[in-house]
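S.K.:
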Amino acid sequence: DEDGEDDTLDDLQDLHKKSSSVFATLTKQFEQATEGCTSQVPLKISAAFETLDTRIGVCKKEIGSTGLKNDPRRVKWEKVYPSLYSILTTTIISQPGWPFLLPNPDKIVDKAMEKFSKLNTDLLESLLHR
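Counting the sequence shown from 1 gives a position; the numbering used here is that position plus 47.
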């Protein structure tokens, strides 16, 4: 009976070694594949997000709330930015020809801002907390 247990333990140890070896091989292959990737975000896409950031930066300066947490005029930028980025992303990927044709950054940001401004007024007010 002890010999059977020893054999089972040996089998489990062998299986563990083989699994570890397979995992190490797969990990190495994955690392080699990702090291070989040199893809970058297309210039027009990064320009669109930079344009959006610039426009929002201008808005932040124009609004100029006091920065106090209880200020009713305080804009909740931590909620506005993800919403704007999401709208910009969906606007980009819904363009005809995407991903083969990249949109004009200024025009696509205009469309995204227009979509954002058409949001339900209650939702917009809750995001902006005005």
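C-beta atoms are modelled at their ideal positions from N, C-alpha and C, and glycine is treated no differently. Treat the numbers as computed from the prediction; the structure is a model and nothing was measured.
Alpha carbon to alpha carbon, how far is K75 from D54?
M.R.: Your numbering for residue 75 matches position 28 in the sequence shown. Your numbering for residue 54 matches position 7 in the sequence shown. Taking the straight line joining both Cα atoms gives about 31 Å.
S.K.: For the segment 97 to 104 against the segment 141 to 148, are there 3 or more C-beta pairs whose distance is under 8 Å?
M.R.: no
S.K.: Please state whether DSSP places T74 in a helix, a strand or coil.
M.R.: Looking up residue 74 in the sequence shown gives position 27. T74: helix per DSSP, three-state reduction.
S.K.: Alpha carbon to alpha carbon, what distance is there between K91 and R177?
M.R.: Position 130 of the sequence shown, counted from the first residue, corresponds to residue 177. Position 44 of the sequence shown, counted from the first residue, corresponds to residue 91. Because R177 carries a pLDDT of 49, less than 50, the predicted location of this residue cannot be relied on, and no value is offered for it.
S.K.: In the DSSP assignment, the alpha helix (DSSP H) including P152 goes from what residue to what residue?
M.R.: As a working mapping, residue 152 is identified with position 105 in the sequence shown. Note, P152: alpha helix (DSSP H), 152 to 164.
S.K.: Compute the beta-carbon to beta-carbon distance between S130 and F163, rounded to the nearest angstrom, for a pair I have assumed lies under 8 Å.
M.R.: As a working note, residue 130 is residue 83 in the sequence shown. As a working note, residue 163 is residue 116 in the sequence shown. With 8 Å as the limit, S130 and F163 qualify as a contact, their Cβ atoms being about 7 Å apart.
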